[in-house]
Structure formats: C-alpha cells, structure tokens
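All the letters of the sequence shown, read from the start, carry residue numbers 1 to 390 under UniProt numbering. All residues carry an ideal CB built from backbone N, CA and C; glycine is no exception.
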Amino acid sequence: MRSSRRSTSWRSLPPVGRGGPAAARAAVVVLRVADQPVGAATGIIEGVSARVTLSDVAARAGVSRATASLVLRGEGRVSGATRERVHAAMAELGYVYDRVAAAMRSQHAPVVGVVVSDITNPFFAQALVGVQAALREEGYLPLLANAAHDLAQQAELLGLLREHRVAGLVLAPVAGTPASLVDELRDWRLEHVLLTQPVDGASTWTVAPDDRLGGRLAAEHLLQAHGCRRLLLVGASRDVASARLREAGVHDAVAGVPGAEVVGALGWLQEDPTGLLLGRDAVAGPLSRAAEGRAPDGAVCFSDVHATGLLRALREAGRAGALPVTGYDDIPAAALYEPPLTTVSTHGEQLGRTAAEGLVRRLREPSAGAAPLELAVPPRLVVRQSCGCA
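What follows is the structure in structure tokens.
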C-alpha cells in the first residue's frame with residue numbers, strides 16, 4: 001500500500017529578523033506539493049533560480065563561458081589561478097556539471113566500461129586500482145562489471161555497456177573468449193584494450209605480464225636454489241592463455257636442467273575460489289606417490305590463491321613444510337600468509353594503469369589503434385619462505 005501526502009501550499013513565512021514587512025516579503029518562497037505518492041513530489045521555489053548555469057559560474061569567476069568550460073573539462077591552457085577561481089565559483093553557487101547532457105551532445109559518456117573475468121580474484125583488485133587512477137586523471141569514470149568466468153554473461157555485459165554508450169572498454173577476457181568478440185568490438189567502433197591475457201587469434205591491443213618469463217622464474221628458483229627435479233603444476237589450464245604461457249615457461253626451465261621434469265599438472269577449478277580443493281587433490285594424488293619414487297619435490301602454483309590452498313592442504317595432512325611451493329601474482333596477502341609466499345609479482349596495479357593509459361590514447365588518437373600492439377610487462381620473482389628459503 002502506498003502512502004500519500006495531501007495537497008499543501010505554503011504561501012507565506014512569518015517575518016524574521018530586521019527589515020520590516022518589505023524585507024520579509026522579499027524572503028518569501030512558495031512550495032506547492034500536489035496530491036501524489038511520497039517520493040514523487042516535485043517542488044517549485046518561486047523567486048529562486050531552478051538551475052545554476054555555466055554562464056553564472058563564468059560571471060562569478062570573471063571569465064568567459066568558454067574558459068569556464070575548459071576548466072570544467074580539464075582541457076586547454078588555463079592558468080592555475082583561473083582554475084581556482086572557477087572552481088571556487090562552482091562551489092559557491094552549487095553548480096553541478098550535467099554529464100548526462102554532455103554525453104548526449106557528444107554521443108558518448110565520460111565513462112569507461114571495465115569487465116573482468118572474476119571480480120573475486122584478489123589480483124583484479126590490484127589491477128582495478130591502477131585502472132581507476134589512470135582514468136580519473138584523464139576525467140573518466142570506470143564502470144565495473146563481473147563476467148564470472150561466463151562467456152554468455154560477458155557478451156551480455158558488453159552489449160549493455162554499448163547501449164550505455166561508454167567511451168571505451170578495458171576487458172580482462174574470460175577463458176575461451178573467441179576472436180570474433182574482438183572483431184565485434186571493432187565493428188561497434190568501441191575502442192578497447194585487453195588486460196591480463198590475449199584472445200587467441202585476435203588482433204588488438206593487449207597489456208599483460210610476460211607470463212612465459214614468470215613461469216620460468218618460479219621454476220628456475222625451485223630447480224636451482226632448492227635442487228628440485230620433479231615439479232608439480234597446480235592451477236594449470238590449457239583454456240587460459242596466461243596459464244599456457246606460464247606452463248611453457250616452466251618447461252623452458254626444466255629443459256635446461258638435466259634430470260628435471262614436470263611430473264604432473266592439476267587443472268584450475270572454477271568452483272574452487274580458495275584453491276583448497278585443488279590442494280587436497282594434490283595431497284591425495286601426486287604427492288602421495290613417494291613409494292613409487294615419482295612424488296613431486298616442488299610445486300609451481302599458477303596463482304597465490306592456489307599456493308595458499310596447497311599449503312593449507314599440506315598442513316591439514318600433517319605435512320607442513322614438506323614441499324617447496326611458489327605462487328604467482330604477489331597479491332597483498334601473499335606476504336602475510338604463514339609461511340609467507342615466494343611468488344612472482346606481475347605488478348597488478350601497474351598493469352591496470354598501463355591498460356587504462358593505452359585506452360585513453362586510443363580514444364584521443366583513434367588511428368593509433370589501427371595496428372595491433374601486445375605489451376608484455378616483465379614480472380619479478382619475490383623470494384619469501386614458502387619455498388624453504390629462510
């Protein structure tokens with residue numbers, strides 16, 4: 001049942017302070033509220049301007065409307081003192097920039113769509129910090145959406161962002177994303193940059209870690225610093241481009257060490273957000289083959305989440321510290337885990353910033369996006385204690 005308000009009209013206010021009846025009459029405002037549901041009422045204030053315009057701001061700041069517009073948009077060569085006066089006038093008058101109207105004029109909102117494959121992954125939290133910081137510096141607002149590892153949901157989200165006329169797109173694609181989707185973005189004339197991994201067969205701009213190098217760094221540390229010869233891969237996936245590259249890097253390292261080999265690979269499980277299920281599978285499966293002489297003596301995990309899941313499973317089985325373990329990504333919690341994770345830093349925040357800066361360049365120089373570009377950011381090994389280092 002909806003509540004309603006009765007018709008009300010306030011036509012006078014009692015005289016307040018000094019100035020006599022004339023001054024009192026000058027202060028009178030009239031508010032009329034029609035019979036309608038609560039929340040739907042509209043107020044008309046007579047004698048008071050309904051909307052402060054940019055011309056009002058310009059007049060108060062003592063500049064032209066064109067100059068005030070440049071300050072508002074963050075464009076042009078305008079002195080710091082002038083910018084301060086315009087912003088002060090905006091605050092004094094209560095001026096609010098109508099971005100909806102501006103978007104209608106330009107046919108694009110100053111909003112950038114950001115679609116990630118899994119918003120629960122801590123790595124993406126780091127990347128999004130960089131994306132937002134870079135976009136904010138350039139006057140754009142990120143609109144975040146989670147594809148949740150679902151190709152259909154990803155396609156739906158991209159369609160909705162197109163309908164909202166976002167200016168551009170940063171996409172961390174779901175595993176198995178077809179090249180045809182990137183072609184569709186191009187047909188829509190939606191400027192975009194891929195983040196974290198390429199799409200097989202697609203020709204576009206991609207900003208990602210050098211994952212092949214990252215896999216090699218992790219494996220080389222176990223092989224050279226700890227004498228491991230039988231490596232287990234945890235969280236591998238042939239459907240994920242970045243995981244394939246990390247696995248290739250591990251094999252590069254193994255090939256350079258006589259007697260070294262990869263003795264098993266456990267695939268990533270979508271229904272295992274903590275990595276614990278995969279860790280238990282490793283303990284019950286490959287790590288139980290000591291009697292056969294084939295048990296792994298080192299584990300390269302393809303994310304810090306997988307590494308912490310494996311370490312937890314080892315502890316549950318009473319085997320804490322029995323196996324050198326490396327992670328990947330260097331999420332903030334990696335240093336706080338017990339033992340602290342030896343991992344590969346992929347510089348998540350910098351990746352996000354670089355992707356957003358690339359998108360802004362494409363928005364301002366559309367011809368720049370005509371040629372494909374793959375930017376591989378070098379990762380860095382971070383040695384802590386989960387591998388056995390003191």
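Report task. Could you please give the first and the last residue of the uninterrupted beta strand (DSSP E) stretch that includes S345? Result -> Note, S345: beta strand (DSSP E), T343 to S345.
Query raised in the report: Nearest-angstrom Cα distance between V254 and R83?
Result: 60 Å
Query - Straight-line Cα distance separating A295 from V263 - result: 8 Å
Query raised in the report: If we count the other Cβ atoms within 10 Å of its Cβ and call it buried at 16 or more, is A355 buried or exposed?
Result: buried
Report task. For the alpha helix (DSSP H) holding G348, just list the boundary residues, first then last. Result -> G348: member of the alpha helix (DSSP H) spanning G348 to R364, first to last residue.
Query raised in the report: Exposed or buried, what is A172 when buried is set at 16 or more other beta-carbons lying within 10 Å of its beta-carbon?
Result: buried
**Report entry** Residue of V193, G275, A218 and A147 minimising C-alpha distance to E374
**Finding:** Among V193, G275, A218 and A147, the Cα nearest to that of E374 belongs to V193.
Report task. Assign L336 to one of two classes, buried (16 or more other C-beta atoms within 10 Å of its C-beta) or exposed (fewer than that). Result -> Counting Cβ neighbours within 10 Å, L336 comes out exposed, since fewer than 16 surround it.
Report task. Would you tell me roughly how many angstroms separate the C-alpha atoms of C389 and N121, rounded to the nearest one? Result -> 27 Å
**Report entry** Cβ contact (3+ pairs, closer than 8 Å) linking the stretch 337–355 and the stretch 196–215
**Finding:** yes
**Report entry** DSSP three-state assignment for P110, whether helix, strand or coil
**Finding:** strand
**Report entry** Counterpart residues of W205 in DSSP-defined beta bridges
**Finding:** L373
Query raised in the report: At which residue ranges does the stretch 155–221 contain complete beta strand (DSSP E) runs of 3 or more residues, listed in the order of the chain?
Result: Correct list: 166–171, 191–195 and 205–209.
**Report entry** Proximity winner among A248, L144, Q126 and Q154, relative to E220 (alpha-carbon distances)
**Finding:** Among A248, L144, Q126 and Q154, the Cα nearest to that of E220 belongs to A248.
Requested in this report: Hey, could you find the ends of the beta strand (DSSP E) L266 is sitting in?
Outcome: E261 to G267
Report task. Would you kindly check if the distance between the Cβ of V382 and the Cβ of F302 is under 8 Å? Result -> no
**Report entry** Inter-residue spacing [alpha-carbon to alpha-carbon] between R230 and P372
**Finding:** 39 Å
Requested in this report: Identify whether G298 lies in helix, strand or coil by the three-state DSSP scheme.
Outcome: G298 sits in a strand when the DSSP states are folded into three classes.
Report task. Tell me whether A59 sits in a helix, a strand or coil according to DSSP, three-state version. Result -> helix
Query - Residue range of the unbroken alpha helix (DSSP H) whose run includes L143 - result: Not the alpha helix (DSSP H): L143 falls in the beta strand (DSSP E), residues L141 to N146.
**Report entry** Identity of the residue in R85, D187 and A236 nearest A265 by Cα
**Finding:** A236
Query - Pair within 8 Å by beta-carbon distance, V86 and V96 - result: no
**Report entry** Own chain residues within Cβ distance below 7 Å of G309, not counting five before or after
**Finding:** T274, G275, L276, L278 and G279
Query raised in the report: Do you know how far the Cα of F124 is from the Cα of V114?
Result: Using only the alpha carbons, I get a separation of about 11 Å.
Query raised in the report: Do you know how far the Cα of A208 is from the Cα of I331?
Result: 16 Å
**Report entry** Unbroken beta strand (DSSP E) run spanning G235, endpoints
**Finding:** R230 to A236
Requested in this report: Assign P142 to one of two classes, buried (16 or more other C-beta atoms within 10 Å of its C-beta) or exposed (fewer than that).
Outcome: buried
Query raised in the report: Taking the alpha carbon of L181 as the point to measure from, which residue in V166, V170, A167 and V199 has its own alpha carbon closest?
Result: V199
Query raised in the report: Skipping 5 residues on each side, what residues in its chain have a beta carbon closer than 8 Å to that of R384?
Result: Excluding positions up to five away in sequence, the list reads A334, A335, P339, P340, L341, T342 and T343.
Report task. Indicate the three-state DSSP secondary structure (helix, strand or coil) for R308 in the structure shown. Result -> Contrary to the premise, residue 308 reads as Thr rather than Arg in this sequence. Correct three-state label for T308: helix.
Query raised in the report: Does the separation of the CB atoms of P110 and A68 fall below 8 Å?
Result: no
Query raised in the report: In the structure shown, what three-state DSSP assignment does V131 receive?
Result: helix
Report task. Pick helix, strand or coil for D35, following the three-state DSSP scheme. Result -> Any reading at D35 is ruled out, since the residue's pLDDT is 38, under 50, leaving its predicted position unreliable.
Query raised in the report: When the Cα atoms are used, what is the spatial distance from Y140 to G327?
Result: 34 Å
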